[in-house]
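With the working numbering applied, the sequence shown closes on residue 274, and no number is skipped along the way. No residue lacks a Cβ here, since even glycine has one placed at the ideal position from N, Cα and C. Written below as structure tokens is the structure these notes are about.
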Amino acid sequence: MKKEVKIGVFDSGIGGLTVLHECVKRAPHDSFYYYGDNANAPYGGKSREEITGLVFHALTKLQRLGIDAAVLACNTATAVCAEEMRSKFPFPVIGMEPAVKPAGERCENVLVLATPRTAESERLQTLIAHSPNCRFTVYPAAGLAGAIEKKFLFGERLTLSDHLPEGTFDGVVLGCTHYSYLKGEISKFYGAPVFDGNEGTARRLISVLSMRGIGTADHQKTQDLDDGLKKKHKNRVHFVGKNGKMNEILYKSEQMFL
Ligand code: DGL
Numbered sequence: 017m018k019k020e021v022k023i024g025v026f027d028s029g030i031g032g033l034t035v036l037h038e039c040v041k042r043a044p045h046d047s048f049y050y051y052g053d054n055a056n057a058p059y060g061g062k063s064r065e066e067i068t069g070l071v072f073h074a075l076t077k078l079q080r081l082g083i084d085a086a087v088l089a090c091n092t093a094t095a096v097c098a099e100e101m102r103s104k105f106p107f108p109v110i111g112m113e114p115a116v117k118p119a120g121e122r123c124e125n126v127l128v129l130a131t132p133r134t135a136e137s138e139r140l141q142t143l144i145a146h147s148p149n150c151r152f153t154v155y156p157a158a159g160l161a162g163a164i165e166k167k168f169l170f171g172e173r174l175t176l177s178d179h180l181p182e183g184t185f186d187g188v189v190l191g192c193t194h195y196s197y198l199k200g201e202i203s204k205f206y207g208a209p210v211f212d213g214n215e216g217t218a219r220r221l222i223s224v225l226s227m228r229g230i231g232t233a234d235h236q237k238t239q240d241l242d243d244g245l246k247k248k249h250k251n252r253v254h255f256v257g258k259n260g261k262m263n264e265i266l267y268k269s270e271q272m273f274l
């Protein structure tokens, strides 16, 4: 009998649910374990040491559940400690990549919104350096991820213009998975297309699973799930950690663009 494939998905809070959604679409026969560290969110302004410790703790919990692969559905965690986690755990660790490349191919003047830790990361600078024909403005949106967390979990008010820089851009890269909740609003604010790394990460997960012989051929086929199937596959998603229930409610609500 085919072994059940278990995938752990981690974020500081609710942001990773937007990535989870893309992963489930592409691997509907696998089981997902979502760990959101909401109690410690946001991570974006914390020290590298603190973020590394929290991510290690989360992946250790997911490891105990027997996961075959982990997705760091968090740009901040990826920028700070993906490499270190790869050296510490036996399963593949798939990180987020801000969609700098696709934005650079289509646009000339791009705003990159990210948390302070991601904005200052070498990883982001390296990506930008590979798209020399586009001008990138990196903006550390210090309070935005935290405000999104509070808006979607507790209904707190969020005024987007308080968090975004003024300016004219022909593209916006969302360098934090929390920002995907406001994709439409951010696009409208600048009158420009937005790019996130969610789909790319889900595709990367599938290719890593296949390369390692963990995944199945079914992965590719089921991108367009009908409603009945969607419901069934949602039941293969488990929410772990102290705040699992909160994340589950949001994931299954209409606020998610499912
Ligand atoms: N969603 C995360 C990211 O992609 C973390 C945001 C935060 O906790 O500051 O960066």
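Any heavy atom of the ligand DGL closer than 6 Å to the beta-carbon of residue i?
i, result
"Cys-97", "no"
"Tyr-59", "yes"
"His-194", "yes"
"Cys-90", "yes"
"Ala-161", "yes"
"Asp-53", "no"
"Asp-178", "no"
"Asp-27", "yes"
"Gly-31", "yes"
"Thr-131", "yes"
Could you check if residue i is buried or exposed, using at least 16 other CB atoms within 10 Å of its CB as the buried criterion?
i, result
"Pro-106", "exposed"
"Glu-201", "exposed"
"Gly-183", "exposed"
"Gly-162", "buried"
"Gln-141", "exposed"
"Ala-55", "exposed"
"Leu-129", "buried"
"Phe-185", "buried"
"Leu-81", "exposed"
"Met-17", "Caution is warranted here: a pLDDT of 44 is assigned to Met-17, below 50, making its placement in the model unreliable, and no coordinate value can be reported."
"Gln-239", "Residue confidence for Gln-239 is low, a pLDDT of 49 falling below 50, so the modelled location carries little weight; the figure read from the coordinates is stated next. With fewer than 16 Cβ atoms within 10 Å of its Cβ, Gln-239 is classed as exposed."
"Gly-145", "Just to set this straight, residue 145 is Ala in the shown sequence, not Gly. Exposed is the call here."
"Tyr-267", "buried"
"Phe-255", "buried"
"Ser-223", "exposed"
"Asp-178", "exposed"
"Ile-265", "exposed"
"Ala-170", "Here residue 170 is Phe; the residue named in the question, Ala, does not match the sequence. That one is exposed."
"Gly-229", "exposed"
"Leu-78", "buried"
"Glu-113", "buried"
"Ile-23", "buried"
"Glu-38", "buried"
"Glu-65", "exposed"
"Asn-149", "exposed"
"Thr-131", "buried"
"Ile-164", "buried"
"Met-227", "exposed"
"Pro-58", "buried"
"Gly-32", "buried"
"Ser-47", "buried"
"Lys-261", "exposed"
State the beta-bridge partners of residue i as determined by DSSP.
i, result
"Phe-255", "Tyr-50"
"Ile-23", "Phe-48, Ala-85"
"Asp-212", "Leu-190"
Against chain E, with Cβ distances strictly below 7 Å, would residue i count as a contact?
i, result
"Gly-260", "Note that chain E does not occur in the displayed structure, where there is just one protein chain."
What ranges does the alpha helix (DSSP H) occupy inside the segment 27-77, keeping only unbroken runs of at least 4 residues that lie completely in it?
33-42
Whole runs of the beta strand (DSSP E) within the segment 79-148, excluding any shorter than 3 residues:
85-88, 125-130
For the segment 145-182, list the beta strand (DSSP E) runs that are entirely contained and at least 3 residues long, ordered along the chain.
151-156
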